[in-house]
Amino acid sequence: MVYVSEMYTTPPTTFGSELEELTYETLTKLAIPFYQVATGEALTMKDCSAIDDRLGIEVVKTIFLCNQKKTKFYLYITPADFKFITKDFGKKLAIPRVSFASAELLKERLGVIPGAATIFGLLNDPEHEIQLVFDRSVAQREWYGCSSGSVTNYMKLKTADLFETFLPYTGHKPVLID
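If you count the sequence shown from 1, you need to add 7 to reach the working numbering.
In structure tokens form, the structure reads like this:
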């Protein structure tokens with residue numbers, strides 16, 4: 008089982024990535040409260056079960072996708088146990104089939120390594136080239152749990168704060184699907 012620290016309401020003192028540091032700077036700037044935990048490397052949804060227990064929520068699954076030409080990008084937020092099928096995703100959005108973006112694209116576009124995809128990667132998308140897509144059930148939750156931009160720090164914050172403060176700040180408009 009992966010190590011999980013106590014919960015804190017302040018940013019960590021060291022950061023696992025530039026994005027993680029930017030995430031906490033932005034949350035502080037926007038006065039969005041959060042709870043965060045330091046962890047051992049959590050690379051899979053199974054690794055996140057101890058994190059879920061400590062935070063008292065379910066960490067979401069965040070999937071970064073692209074079209075075949077690698078010209079259109081999608082950040083898909085789903086429940087942790089969601090079985091993702093690319094064909095179904097494309098049908099729901101009325102788009103051609105998509106595939107998982109490479110580790111290189113993940114780093115280039117979101118600023119993270121595999122296992123650390125997060126909504127906060129949108130801070131690295133000022134041109135709004137990434138379409139944010141939420142599973143409606145996640146958007147309706149009181150709390151939102153995710154990576155802060157590394158595989159060694161996770162957080163929870165109010166979902167309403169994401170939709171009412173963070174996303175207007177980044178300028179990304181989410182599409183909700185069932």
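Note that the Cβ used here is the ideal one computed from N, Cα and C, for glycine as well.
A straight-line Cα-Cα distance of about 30 Å links leucine 26 and lysine 99.
Close CB contacts of serine 144 within its chain, under the 7 Å cut and outside five residues either way in sequence, are with Pro86 (chain order).
DSSP places serine 106 within a strand segment (E or B) once states are collapsed to three. Taking C-beta atoms under 8 Å as the contact rule, isoleucine 92 and tyrosine 83 fail to qualify, at a distance of about 12 Å. Going by DSSP, glycine 152 is part of the beta strand (DSSP E) stretching over 150-154.
Assignment of beta-bridge partners to phenylalanine 170 by DSSP yields no partner.
Counting the other CB atoms within 10 Å of its CB gives proline 40 a total below 16, which places it among the exposed residues. In the three-state DSSP reduction, aspartate 95 falls in the helix class (H, G or I). Closest in alpha carbon position to tyrosine 151, among Leu62, Gly23 and Thr30, is Leu62.
Counting only residues of its own chain and dropping the five nearest sequence neighbours on each side, glutamate 28 has a CB closer than 6 Å to the CB of Phe22. In chain order, Met8, Val9 and Val11 place their CB closer than 6 Å to the CB of alanine 57, counting only its own chain and leaving out the 5 sequence neighbours on each side. Residue burial annotation: alanine 38 is exposed, with fewer than 16 other C-beta atoms found within 10 angstroms of its C-beta.
Straight-line measurement puts the Cα of isoleucine 120 at about 16 Å from the Cα of aspartate 132.
Between glycine 156 and phenylalanine 127, the beta carbon gap of about 5 Å places them in contact (Cβ cut-off 8 Å). Rounded to whole angstroms, the separation of the alpha carbons of leucine 169 and phenylalanine 89 is 21 Å.
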